[in-house]
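Asker: I'd like to ask some things about the structure below.
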Amino acid sequence: MNGSAHIHLIVLGTEPRTGRGGIATALEGFHRALDEIGVGYTFIPTHSAQTSAGRWVPWLKSFARIRHAVAKAQAQGLSPVAYVHMGGGVVSTIRKSVIALFLRMIGVPSIMQLHGPEVATYLAQPLSSIAFRFCLLSASEIAVLTPWWADLLRNSGVRQKLHVVPNVLPGYAETAAQSQRPISAPKKQCTILTMSRMTPGKGFDTVLDATTHLQQPIRLLFAGTGPMENQLRQSASDLQGGTQVEFLGWVSGDDKAKFFCDADIFCLPSQYDSFGVGYVEAMAFGLPVIALKIGPIVDVVPANKCGILIKQNDVHGLAAAIDRLSTDQALRKTMGENAKKWVLSQYSSEAVGQNLQKIFQGVA
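For the sequence shown, the numbering used here assigns the number 1 to the initial residue and increments by one for each residue that follows.
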């Protein structure tokens, strides 16, 4: 294959219109990256969140749809290549590995894009590592979200060619990164935004704990919903020292952009992320980031350039990072400007599209 103009891509994954966050959001950006480089593609959903049958019916139908897409591409003189987006759950892993096997049987090369943080858990145990690597065998090549993931798979014995293909900035965030950050009016308190699902390991509780060690009170914006919400509300009501906590619920669209513009710092000490789209969204809006110095986050948020990375389970270190940024407006401005440049260079639809184009040129 001489170049990406000679291929037709068959993209398989969750139906973007029915999902909230996760792969559904990543697929929207992936499609924009393909449009950026002019690669023709057919999207075939393998999962839908709309109905109880959405886990299996789209998957079962996908095999006939793959056959049809392959035949149509070949009739047009194009080489079909499949790009399979795999979540981290066991069921998703099995479904996508069967699809990759089917693709191999009909002679179509496939690139398997891994998204889920569960991959690290699978590879940490001998038996689950063997099972997971077996599920990957049918894929021609593997794509991961950051270099940290590539190193992990390579060191775990994955032998296929590995590519780093990060998630693309959501469209509204890419627009924000290309624009000047609005100048906000002076505030009495620094505003810190924490945005994610309110589940164990995401760090909302750690942020609340850190506020008890701050030199001066702050304003906290908690955006998201989840099983920990009631517990977090109770903990926030017990806070002393003048820190205000506002619970915003699940936010999206214009509301999301509004709160990124309203905030001065984005703080999410999450222990469980495969990439962290929230970090790149925040950086696109010119916010310095406070996060943990673990796993793939070290690839996504350049330490001391676009934010501050702290050790895991270090509440005092988190408080010190908040104090440092909340009291130094010049540092926030410098890191915020660096962050905008960083995300455009790494996670824009153009940057990821150019990366994909090079990958497609090498797929046989």
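Ideal Cβ placement from N, Cα and C applies to all residues, glycine included.
Could you tell me the distance, in whole angstroms, from the CA atom of Thr-212 to the CA atom of Gly-241?
Answerer: Numbered from 1 along the sequence shown, position 212 holds the residue referred to as residue 212. Numbered from 1 along the sequence shown, position 241 holds the residue referred to as residue 241. Distance between the alpha carbons of Thr-212 and Gly-241 is about 7 Å.
Asker: Let me make sure I understand the geometry here. Which of Arg-324, Gly-203, Leu-27 and Ala-82 has the alpha-carbon closest to that of Leu-370?
Answerer: No answer is possible for residue 370: the residues shown for the chain start at 1 and end at 364.
Asker: May I ask you to report which of helix, strand or coil DSSP gives Asn-2?
Answerer: The residue you call residue 2 lines up with position 2 of the sequence shown. The pLDDT assigned to Asn-2 is 42, lower than 50, so where the model puts this residue is not dependable, and the model offers no usable value.
Asker: Going along the chain, which residues of its own chain have a beta-carbon closer than 7 Å to the beta-carbon of Trp-148, five neighbours each way excluded?
Answerer: On the sequence shown, position 148 is the one that residue 148 refers to. Excluding residues within five positions, the ones whose Cβ falls inside 7 Å are Gly-295, Pro-296, Val-298 and Asp-299.
Asker: What does DSSP give as the partner residue(s) for Ala-82 in the beta ladder?
Answerer: Here residue 82 corresponds to residue number 82 of the sequence shown, with the count starting at 1. According to DSSP, Ala-82 bridges with Ile-10 and Ser-110.
Asker: Leaving out five residues before and five after Gln-329 in sequence, what residues of the same chain have Cβ atoms less than 8 Å from its Cβ?
Answerer: Indexing the sequence shown from 1 puts residue 329 at position 329. Cβ within range, chain order: n/a, list empty.
Asker: Closer than 8 Å by C-beta to Ser-270: which residues in its own chain qualify, once you throw out the five before and the five after it? Chain order, please.
Answerer: Mapped onto the sequence shown, residue 270 falls at position 270. Around Ser-270: Ser-196, Gly-201, Lys-202, Gly-203, Gly-276, Ala-291, Leu-292 and Ile-297.
Asker: Quick one: grab the DSSP three-state call for His-68.
Answerer: The residue labelled residue 68 in the question sits at position 68 within the sequence shown. Note: His-68 maps to helix in three-state DSSP.
Asker: Using three-state DSSP, classify Gln-312 as helix, strand or coil.
Answerer: Counting from one through the sequence shown, the residue named residue 312 turns up at place 312. Residue state, collapsed to three classes: coil.
Asker: Grab the span of the beta strand (DSSP E) containing Phe-43 for me, first residue to last.
Answerer: In the sequence shown, the residue the question calls residue 43 occupies position 43. First-last of the beta strand (DSSP E) with Phe-43: 41-47.
Asker: In whole angstroms, give me the CA-to-CA distance for Val-39 and Thr-191.
Answerer: Position 39 of the sequence shown holds residue 39. Position 191 of the sequence shown holds residue 191. Rounded to the nearest whole angstrom, the CA to CA distance from Val-39 to Thr-191 is 42 Å.
Asker: Are the segment 302-312 and the segment 344-362 touching, with three or more C-beta to C-beta distances below 8 Å?
Answerer: no
Asker: Please classify Trp-342 as buried or exposed, where buried requires at least 16 other C-beta atoms within 10 Å of its C-beta.
Answerer: Working through the sequence shown from its first residue, we reach residue 342 at position 342. Trp-342 is buried by the Cβ-count criterion.
Asker: Pick helix, strand or coil for Cys-267, following the three-state DSSP scheme.
Answerer: Locating residue 267 in the sequence shown gives position 267, where the first residue counts as 1. In this structure, Cys-267 counts as strand in the three-state DSSP scheme.
Asker: Could you check what DSSP says for Gln-90 in three-state terms: helix, strand or coil?
Answerer: To locate residue 90, count along the sequence shown from 1; it is residue 90. A small correction: the amino acid at residue 90 is Val; Gln does not occupy that position in the sequence shown. The answer is helix: DSSP assigns Val-90 an H, G or I state.
Asker: Mind checking Pro-58: buried by the 16 CB within 10 Å criterion, or exposed?
Answerer: Counted from its first residue, the sequence shown places residue 58 at position 58. So Pro-58 ends up on the buried side.
Asker: My understanding is that Leu-9 touches Val-81, with C-beta atoms under 8 Å, so please give their C-beta distance in whole angstroms.
Answerer: One-based indexing of the sequence shown puts residue 9 at position 9. One-based indexing of the sequence shown puts residue 81 at position 81. That pair is a contact at about 6 Å.
Asker: Indicate whether the contact test is met: 3 or more Cβ pairs, each with one atom in the segment 242-252 and one in the segment 178-185, closer than 8 Å.
Answerer: no
Asker: Would you mind working out which of Leu-78, Asp-151, Met-198 and Ser-97 sits nearest Met-86, comparing C-alpha positions?
Answerer: The count along the sequence shown starts at 1 and reaches residue 86 at position 86. Ranking Leu-78, Asp-151, Met-198 and Ser-97 by Cα distance to Met-86 puts Ser-97 first.
Asker: Please list the terminal residues of the continuous alpha helix (DSSP H) segment that includes Arg-365.
Answerer: Residue numbering for the chain in the displayed model covers 1 to 364; residue 365 lies beyond these limits and cannot be assessed.
Asker: Using three-state DSSP, classify Val-119 as helix, strand or coil.
Answerer: If you number the sequence shown from 1, residue 119 lands on position 119. Helix, per DSSP.
Asker: Could you name each continuous beta strand (DSSP E) segment of 3 residues or more that falls completely within the segment 277-355, going from the start of the chain to the end?
Answerer: 289-292 and 307-310
Asker: Is the separation between the beta-carbon of Ala-263 and that of Leu-208 shorter than 7 Å?
Answerer: Working through the sequence shown from its first residue, we reach residue 263 at position 263. Working through the sequence shown from its first residue, we reach residue 208 at position 208. No, Cβ-Cβ distance for Ala-263 and Leu-208 is not below 7 Å.
Asker: Which two residues bound the contiguous beta strand (DSSP E) that contains Cys-173?
Answerer: Start at 1 with the first residue of the sequence shown, and residue 173 comes out as number 173. Checking the displayed sequence, the identity of residue 173 turns out to be Ala instead of Cys. Premise fails: Ala-173 lies in the alpha helix (DSSP H), 171-177, not in any beta strand (DSSP E).
Asker: What three-state label does DSSP hand Arg-154 in the structure shown?
Answerer: Stepping through the sequence shown from its first residue, residue 154 is reached at position 154. DSSP places Arg-154 in helix when its eight states are reduced to three.
Asker: Within the same chain, show all residues whose beta-carbon is closer than 7 Å to that of Leu-153, passing over the 5 residues directly before and after it, in chain order.
Answerer: Position 153 of the sequence shown, counted from the first residue, corresponds to residue 153. Counting only Cβ-Cβ distances below 7 Å, and skipping sequence neighbours, we find Ile-142, Val-144 and Leu-162.
Asker: At a cut of 8 Å, does the segment 128-136 reach the segment 162-172 through at least three beta carbon pairs?
Answerer: no
Asker: Exposed or buried, Val-11, counting other C-beta atoms within 10 Å across all chains shown (16 or more means buried)?
Answerer: As a working mapping, residue 11 is identified with position 11 in the sequence shown. Around the beta carbon of Val-11, 16 or more other beta carbons sit within 10 angstroms, so the residue counts as buried.
Asker: Per DSSP, which residues does Asn-244 bridge with? Please list them.
Answerer: Looking up residue 244 in the sequence shown gives position 244. Residue identity check: residue 244 is Gln in the sequence provided, not Asn. Answer is Arg-219.
Asker: Alpha carbon to alpha carbon, what distance is there between His-31 and Ala-69?
Answerer: Residue 69 sits at position 69 when you count from the first residue of the sequence shown. Residue 31 sits at position 31 when you count from the first residue of the sequence shown. Spanning the two alpha carbons is a distance of roughly 17 Å.
Asker: CA-CA distance, Ile-44 and Arg-65?
Answerer: Counting from 1 along the sequence shown, the entry for residue 44 is found at position 44. Counting from 1 along the sequence shown, the entry for residue 65 is found at position 65. Distance between the alpha carbons of Ile-44 and Arg-65: 7 Å.
Asker: Please name the residue or residues paired with Ile-192 in a DSSP beta bridge.
Answerer: Walking along the sequence shown from the start, residue 192 turns up at place 192. According to DSSP, which records beta bridges pairwise, Ile-192 is partnered with Leu-220 and Ile-265.
Asker: Output the boundary residues of the beta strand (DSSP E) element that contains Ala-131.
Answerer: On the sequence shown, residue 131 is found 131 positions in, with the first residue counted as 1. Careful: Ala-131 lies outside any beta strand (DSSP E), inside the alpha helix (DSSP H) at 126-136.
Asker: Comparing C-alpha positions only, which one of Gly-107, Gln-354 and Thr-206 sits nearest to Arg-67?
Answerer: Counting from one through the sequence shown, the residue named residue 67 turns up at place 67. Cα-wise, what sits closest to Arg-67 is Gly-107.
Asker: Going straight from the alpha carbon of Phe-285 to that of Phe-260, what length do you get?
Answerer: Counted from its first residue, the sequence shown places residue 285 at position 285. Counted from its first residue, the sequence shown places residue 260 at position 260. Cα-Cα distance, rounded: 6 Å.
Asker: Between Leu-78 and Ile-183, how many whole angstroms is the CB-CB distance? I'm expecting something under 8 Å.
Answerer: As a first step, residue 78 must be located in the sequence shown, where it is residue number 78. As a first step, residue 183 must be located in the sequence shown, where it is residue number 183. At roughly 50 Å, the Cβ-Cβ gap does not stay under 8 Å, so Leu-78 and Ile-183 are not in contact.
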